[in-house]
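Engineer: For any residue, its number in the working numbering is found by taking its place in the sequence shown, counting from 1, and adding 417.
For every residue, glycine included, the Cβ atom is placed at its ideal position computed from N, Cα and C.
Would you mind keeping the following structure in view while I ask a few things?
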Amino acid sequence: MKNMSISDQVVNFYPVHKKGPNYLKYCTGWLSDEEKPRSMRDCIWQYTSGPNWYCTEVNMALASDSPKLKSYGPYIRQLKYSIGMSQMKFLGVVFRGADMSPSEIQAYETKNIFFIPSFTSTSKSMPFKDKNTLFHIDITPEWSKFCMEIRPEHT
């Protein structure tokens with residue numbers, strides 16, 4: 418896969434410029450009434466607080482455009498729906514810290530426009546002193562519909 422490499426137990430993620438074929442096949446489209454989550458709160462809770470690092474499994478499948486998206490797809494669509502329907506929107510600047518390899522940093526610095534193909538946690542402050550890379554993300558009104566503010570009391 419072009420946007421990901423694995424060696425010596427290290428996974429590198431590179432900028433993504435278009436949606437992958439598995440994502441397009443399994444994770445897009447409108448939900449029918451029967452497919453909509455019974456509880457949007459429970460759907461979000463499963464991602465944020467679910468057992469066995471469920472969020473990591475889902476995000477690794479999304480980041481690598483894995484065939485596993487066939488099984489995660491219905492849940493991903495429900496989670497996207499729940500975020501889109503949420504009233505807890507956020508506009509403004511957020512941050513995400515990461516430990517990146519020199520090749521990852523170089524790839525992100527040379528590409529202007531990219532998207533992160535997984536669900537991404539961010540912070541309104543910069544508590545990432547132990548990370549070598551800081552993403553500065555400006556959430557504008559047109560993108561806020563894809564964002565949701567989750568405070569500790571909501572998890």
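Using a threshold of 8 Å, state whether the C-beta atoms of Pro573 and Ala515 are closer than that.
Structural biologist: Any question about residue 573 goes unanswered here, given that the chain covers just 418 to 572.
Engineer: Taking contact to mean at least 3 C-beta pairs separated by less than 8 Å, is the region 435 to 445 in contact with the region 503 to 521?
Structural biologist: As far as the Cβ criterion goes, the region 435 to 445 does not touch the region 503 to 521, which means the pair count is below three.
Engineer: Along the chain, where does the alpha helix (DSSP H) containing Val475 start, and where does it finish?
Structural biologist: Where Val475 is concerned, the enclosing alpha helix (DSSP H) stretches over Tyr471 to Ser481.
Engineer: Are the beta-carbon atoms belonging to Glu452 and Pro491 less than 8 Å from one another?
Structural biologist: Yes, the pair counts as a contact, with Cβ atoms nearer than the cut-off.
Engineer: Check the C-beta distance from Gln495 over to Leu448 and give it rounded, since I have them as a contact under 8 Å.
Structural biologist: Contact holds; Cβ gap of about 7 Å.
Engineer: Hey, out of Ile567, Asn429, Pro454 and Phe531, whose CA is closest to Ile554's CA?
Structural biologist: Per the Cα distances, Phe531.
Engineer: Could you check what DSSP says for Arg458 in three-state terms: helix, strand or coil?
Structural biologist: Helix.
Engineer: Per DSSP, what are the beta-bridge partners of Ile556 in this structure?
Structural biologist: According to DSSP, Ile556 bridges with Gly509.
Engineer: Give me whichever residues DSSP pairs with Gly501 in a beta bridge.
Structural biologist: DSSP lists no partner for Gly501.
Engineer: When DSSP builds the beta bridges, which residues end up paired with Phe532?
Structural biologist: According to DSSP, Phe532 bridges with Val433.
Engineer: According to DSSP, is Lys485 part of a helix, a strand, or is it coil?
Structural biologist: Three-state DSSP puts Lys485 in coil, outside helix and strand.
Engineer: Alpha carbon to alpha carbon, how far is Ser481 from Pro534?
Structural biologist: For Ser481 and Pro534, the distance between alpha carbons rounds to 8 Å.
Engineer: Throw me the rounded Cβ distance for the Phe430 and Cys472 pair, which I believe falls under 8 Å.
Structural biologist: That pair is no contact at about 16 Å.
Engineer: Report the three-state DSSP secondary structure of Leu496 (helix, strand or coil).
Structural biologist: Looking at Leu496 - three-state DSSP - the assignment turns out to be helix.
Engineer: Output the boundary residues of the alpha helix (DSSP H) element that contains Ser520.
Structural biologist: Pro519 to Thr527 is the extent of the alpha helix (DSSP H) around Ser520.
Engineer: Taking the straight line between their C-alpha atoms, what separation do you get for Ser483 and Tyr489?
Structural biologist: Roughly 10 Å separates the two Cα atoms.
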